[in-house]
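J.:
In UniProt numbering, the protein residues as written are 1 to 208.
1. From this set, 78, 130, 66, 186, which residue's C-alpha is nearest residue 6's C-alpha?
2. Which full runs of the beta strand (DSSP E) of 3+ residues lie inside the stretch 140-183, going along the chain?
3. So who's on the other strand from residue 104, going by DSSP bridges?
4. At the level of alpha carbons, what is the spacing between residue 190 and residue 52?
5. The alpha helix (DSSP H) with residue 24 in it runs from where to where?
6. Judging by CA-CA distance, which residue of 43, 27, 188 is the nearest neighbour of residue 72?
7. Tell me which same chain residues have a C-beta within less than 6 Å of the C-beta of residue 111, skipping the five on either side of it?
8. Less than 8 Å between the C-beta atoms of residue 195 and residue 159, yes or no?
9. What are the boundary residues of the alpha helix (DSSP H) that residue 50 is part of?
10. Taking the alpha carbon of residue 67 as the point to measure from, which residue in 184, 181, 157, 17 has its own alpha carbon closest?
11. Within 10 Å of its beta-carbon, does residue 166 have 16 or more other beta-carbons around it, so buried, or fewer, so exposed?
Written as structure tokens, this is what we have:
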């Protein structure tokens, strides 16, 4: 007998959580182990029980789904994370995938789309719902929205908080010269002439 794929769902909206739980429980090859409305208890469960797949909301009350994804993948690289969201913003999708997610589905995806995404992730591919697949593979989208490394995103967020290069360096344990290098790269990627323009453009594109 083929072993069932073990999953958990993490989402802070009760209706969404119930909907996903109901859907997954009615797909024969899946076993829903648990569901959570916050990242921290889910991460403790993941470390202990090692599910095969985590369906993870990108926006959670305690830790962002993107940061939670990054931490889970670093600690448990075999576990597949699939981001779930109402957002089809290219920059957000890209950030989730760059954080280590194996897929991304919209919350309005149907059961077959979600099933296909999960199997794709298990097979080592990127599982995307149909709308997200069209968006992520559209050449213009890639050209319009810069792809950032995890460190570039981190520096960008700290710049948006008003920190200078020395303060950022102390916070993330790198030299201020390295921070300056990241800052210049960010200005170039966003085609911005100064930090104020950078923050404005990044905010408009939903990077921060």
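Positions of the beta carbon are idealized from the N, C-alpha and C atoms, including for glycine.
T.: According to the data block:
1. Among 78, 130, 66, 186, the Cα nearest to that of residue 6 belongs to 78.
2. Uninterrupted beta strand (DSSP E) stretches at least 3 residues long and entirely within the stretch 140-183 do not occur.
3. Answer is 83, 128.
4. Whole-angstrom Cα-Cα distance: 37 Å.
5. Boundaries of the alpha helix (DSSP H) around residue 24: 14-25.
6. Minimum Cα distance to residue 72 is reached at 43.
7. Sequence-distant Cβ neighbours of residue 111 in its own chain, meaning closer than 6 Å and more than five residues away, are 23.
8. Contact flag set, yes.
9. No alpha helix (DSSP H) holds residue 50; DSSP gives it neither H nor E.
10. Residue 67 has its Cα closest to that of 157, out of 184, 181, 157, 17.
11. With a 10 Å radius around the Cβ and a threshold of 16 neighbouring Cβ atoms, residue 166 comes out exposed.
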